[in-house]
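Trainee:
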Amino acid sequence: MRSLRVMRGWLVTAVRVLRLLPAMLVGRVSWTPPRWLAWLGARVVAASRSAAAHPRLSIALAIGLVLVSGGGYWAYAWWQARPRPLVVQLSVTNPVRTLIEDDKKPTPLVVTFDRPVAPLARIGKEVTSGITISPPLTGTWRWASEKRLELIPQDDWAVGAEYTVTLDKKPLLREVRLAQDHFTFQTPAFAITVTSKQFFQDPTNPALKKAVIDLRFTHPVNTAELE
3 MRSLRVMRGW LVTAVRVLRL LPAMLVGRVS WTPPRWLAWL GARVVAASRS AAAHPRLSIA
63 LAIGLVLVSG GGYWAYAWWQ ARPRPLVVQL SVTNPVRTLI EDDKKPTPLV VTFDRPVAPL
123 ARIGKEVTSG ITISPPLTGT WRWASEKRLE LIPQDDWAVG AEYTVTLDKK PLLREVRLAQ
183 DHFTFQTPAF AITVTSKQFF QDPTNPALKK AVIDLRFTHP VNTAELE
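Residues in the sequence shown are numbered from 3 upward in steps of one, following my numbering.
1) Do three or more CB pairs link the stretch 177-190 to the stretch 198-212 at distances below 8 angstroms?
2) Tell me the DSSP secondary structure of LEU122 in three-state form.
3) Out of PRO108, LEU92, SER93 and GLN91, which one is the CA nearest neighbour of ARG99?
4) Following the continuous beta strand (DSSP E) through GLY141, name the residue where it begins and the one where it ends.
5) What span of residues does the beta strand (DSSP E) with VAL94 cover, start to end?
6) Please work out which residues of its chain come closer than 6 angstroms, Cβ to Cβ, to PHE115, disregarding the five sequence neighbours upstream and downstream, and give them in chain order.
7) VAL178 lies in the beta strand (DSSP E); which residues open and close that run?
8) Mind checking who ILE135 pairs with in its DSSP beta bridge?
9) PRO97 and PRO190 - do their beta-carbons sit closer together than 9 angstroms?
So, in structure tokens, the structure goes:
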């Protein structure tokens, strides 16, 4: 019995020491809740008392909160699962020089898309709206395929000109969105190529010299002005 009492005394002493140990190490600490926490606690208590006093209203508010939360969740899920528009890239192939010496027609401007963008019913037909070009150019836009759009000019391309084309959504499939809705392209520039050249000197008159040079032009020229 005596040993039991001694052990109990030691246990009580140990508990007291453990309780006093934090105060011995860091001193006594008193904590006062911030105003917002006290205000929040008071509101929670008031709300619980009001709910107890008006159970039907509390149930209706709880149901409304559940419905609003559920509706918000389903709206968010629908937004995440909605069909995303297809972002399409395009590339432009500038027209090349018209081979007038072979009686060829002007080559078209070609716009190639990396995904099908044209409605199947419009392939091979003229595009009459949704495309603008600056400066204005008379020509015909048409879908050569579901991924290829062409511009065929009415007359030959101007020499060394630059144009800006803007594409609207009208000619495209509804679910398609272009990564860029405008682009620029250039027409062939004027160039001269020397194909051959020969120099002659009069054997009887060294001061009399003559050169024969053959030139090739990318576009028609006025020979009278050239001479």
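Think of the CB as a built atom: it goes at the ideal place given N, C-alpha and C, for glycine as much as any other residue.
Mentor: Quick look at the numbers:
1) No: the two stretches stay apart, fewer than three of their Cβ pairs being nearer than 8 angstroms.
2) helix
3) PRO108
4) Taken as a continuous stretch (DSSP letters only), the beta strand (DSSP E) holding GLY141 covers 141-147.
5) 92-95
6) VAL90, LEU92 and LYS149
7) In this chain, the beta strand (DSSP E) harbouring VAL178 covers 178-180.
8) VAL167.
9) Closer than 9 angstroms, so yes.
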